[in-house]
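Residue numbers (the working numbering), protein chains in the order written: chain A, 1 to 318; chain B, 319 to 702. See structure below.
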């Protein structure tokens, strides 16, 4: 019996056989390589973008002029454009995504939930350039002639609804992004809700609660931080999206004053101007812009992971 | 990757290549003597007036840069390969800035750019090296618009004020004054400009910078500028897409002449320095270049040709360049490169017109050919 003791097995596995050692060694190297490449990426951005930080200091992040002619680079219009377009996406996608997730996890029968889940996750597989084309040819002309025209006519006296409506702009970008981040929000929220132990629901039902009460008082409070994590991950996805946004946001290098103004995001600015950027401070400013985006998305993702992790483990332990 | 795409281009353009070959031999019955005859007009032209031939060994030349001459270079590359089987030329249009970066980092055999290297870009070259600017053709920038049934005349100040956001309606008095007799609608002007850096933007903003003091003080000139108004779109096709169609009524933008020609876009007549309204055309561009021959700089770094003299001159024109290191490292490649550029500046010039490019004025073409004598390998001239 001693031959099968776990410690002995473990020792044999780790040390004695060549294939095992090779497998262990190579997978370890590859796992670390991923970590190293992330650090290397950050270091590369920092080294190559240092020129911009050194030249402009904090004005690089808070400056509002991005002027390649005068060689002054301030990233605030792009930071604002990135956060605003993603926020619009979130305002649209978060309620829809959450309700869809509740429906899929709690209400829908299996024969409905499975194909529906599959279809929603399929949305994530559509290349973003396809979303962009759809945005250019279908969505923005539609928004221009319906929602935007109506909003400008009736609410135009409120500055954030001021026209003229061109279709392409901040609002169109937000709508496109909301569709693109829906699968992220739905699938994670659905999983988080599914991970709430049945005992919680059964306890509520035993107290005579209705389905509505079970969902709102037992399931959602327990899944709260996980759902917040799902929404933040969706936000992170929206922040970095490039192609579809470039095609519909209007690429204007100024801070938008209205919902229908043209704007620009960090990712889109890098993608559209990097090829033609002049060697020197313009290139280094674009790389520094990449670092700003990396810091924003990394921070959000880390926060979201912490939240999601807390629900899944916390709920299980209760 | 390269092989597949080359094959594809090859198949697509085979007919074009054969056609181009046929055209060039028809247009210049004796291609070997025509250039030397032209060159002999200049005293120091060609010590050995022979045609530089590519090496007998197989060579692949790679080049990258400006997107503006891509359709032309594709035809050139196929026609050249059709004539000299040993040389395969691959060109990728990634943008002028990308071409300058690639030649600076020596990742390609030649670069291409719509704008000449700036002093900063020259300083960034490897120490002791020199890059030759070899003009190949000329392009122009035209103003396209979307107002049904309107034959539009504009002048520089008005174009500048539209792109500054000062003129916002089509029935603005300034536009009305230039278009007597036309009915101009009470329609908002939607400005569309390039979002990516571009040689097209460089030529266009250089024009506005020259003709409008307001533009000069508020925006300036360059491949990428801080636009005061409008929607940014990527590439000529992006701008065209933002101007065309029912959803874009009242839009105005600017694209390369050759793009407007092939896509059959309506463009405005622009008032030139002689006070005439001229439509963008290859003839108008060559006229502009001929008018500016005297001021062509010794280092070939010609700024866009803006507001040139002459009744037929179109006011917004620019050269496009190949960028080649003067001191080459690989003898076979250098020989192939010289043969290729020589061919482009002789036979290749006849294929320009149908694609919407303007050929070089004769004195510039001769000067450009002389540049080829400067190319060396280990200190020895490739084509003495």
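For glycine and all other residues, C-beta sits at the position ideal for the given N, C-alpha and C. Nothing here was measured: the structure is a model prediction, and the numbers come from that model.
For residue 540/B, no alpha helix (DSSP H) run applies, since DSSP gives it neither H nor E.
A direct Cα-Cα distance of roughly 7 Å separates residue 229/A from residue 305/A.
Contact note: residue 277/A reaches chain B through 415, 515, 542, using a C-beta cutoff of 8 Å and chain order. For the region 542-560 of chain B, residues whose beta-carbon sits nearer than 9 Å to a beta-carbon of chain A comprise 542, 543, 544, 545, 546, 547, 548, 549, 550, 551, 552, 556, 559, 560.
Contact with chain B is absent for residue 52/A, since none of that chain's Cβ atoms lies less than 9 Å from the residue's Cβ. Taking CB atoms only, residue 252/A has a neighbour in chain B less than 9 Å away. Contact between residue 482/B and residue 547/B holds: their C-beta atoms lie close to 7 Å from each other, under 8 Å. Closest by C-alpha distance to residue 618/B, out of 624/B, 632/B, 640/B, is 640/B.
Beyond the five residues adjoining it in sequence on each side, residue 622/B comes within less than 6 Å, by CB distance, of 521, 524, 636 in the same chain, given in chain order. In chain order, 513, 514, 515, 542 make up the part of chain B whose C-beta sits under 8 Å from the C-beta of residue 273/A.
Between residue 395/B and residue 25/A, the alpha-carbon positions lie close to 50 Å from each other.
Counting only runs of 4 or more residues that sit fully inside the region 548-598 of chain B, the alpha helix (DSSP H) segments are 553-561, 575-580, in chain order. Under the 10 Å beta carbon count, residue 177/A is surrounded by 16 or more other beta carbons and is classified as buried.
In the three-state DSSP reduction, residue 431/B falls in the strand class (E or B). For residue 420/B, there is no enclosing beta strand (DSSP E); the enclosing alpha helix (DSSP H) has its first and last residue at 414-422. Proximity of residue 494/B to chain A, defined by a Cβ-Cβ separation below 9 Å, is not satisfied. In this structure, the alpha-carbon of residue 172/A lies about 14 Å from that of residue 151/A.
Fully contained in the region 13-93 of chain A are the following alpha helix (DSSP H) runs of length 4 or more, in chain order: 18-56, 59-62. For chain B, the residues of the region 162-177 of chain A that bring a beta carbon within less than 7 Å of one of its beta carbons are 164, 166, 167, 168, in chain order.
Judged by DSSP in its simplified three-state form, residue 249/A adopts helix. Selection 219/A, 300/A, 249/A, 277/A evaluated against residue 107/A yields 219/A as nearest (Cα-Cα).
Under the 9 Å criterion on CB atoms, residue 65/A is classed as interfacial with respect to chain B. Contacts with chain A (Cβ-Cβ distance below 8 Å) from the region 414-446 of chain B involve 414, 415, 416, 418, 419, 422, 436, 438, 439, 442, listed in chain order.
The DSSP assignment places 491-496 as complete runs of the alpha helix (DSSP H) inside the region 482-526 of chain B, in order along the chain (cut-off: 4 residues). As computed with DSSP, residue 410/B is found in a beta bridge with 382/B. When rounded, the separation of the alpha-carbon atoms in residue 205/A and residue 99/A is 21 Å. Across the set 429/B, 571/B, 375/B, 580/B, the C-alpha of 375/B shows the shortest separation from the C-alpha of residue 405/B.
Taking CB atoms only, residue 624/B has no neighbour in chain A less than 9 Å away.
A direct Cα-Cα distance of roughly 12 Å separates residue 235/A from residue 299/A.
Closest option to residue 549/B, judged by alpha-carbon separation, among 214/A, 97/A, 261/A: 261/A.
The beta carbon of residue 184/A lies closer than 6 Å to those of 233, 234, 237 in the same chain, with the five residues before and after it left out. Where residue 203/A is concerned, the enclosing alpha helix (DSSP H) starts and stops at 198-206. At a Cβ-Cβ threshold of 9 Å, residue 602/B and residue 580/B do not count as neighbours. Residue burial is scored here from C-beta neighbours: residue 186/A has at least 16 other C-beta atoms within 10 angstroms and is therefore classed as buried. Inclusion of residue 568/B and residue 661/B in the CB contact set at 9 Å is not warranted, their separation being larger than that value. Beta-carbon to beta-carbon, residue 444/B and residue 657/B are separated by about 25 Å, too far to satisfy the 8 Å threshold.
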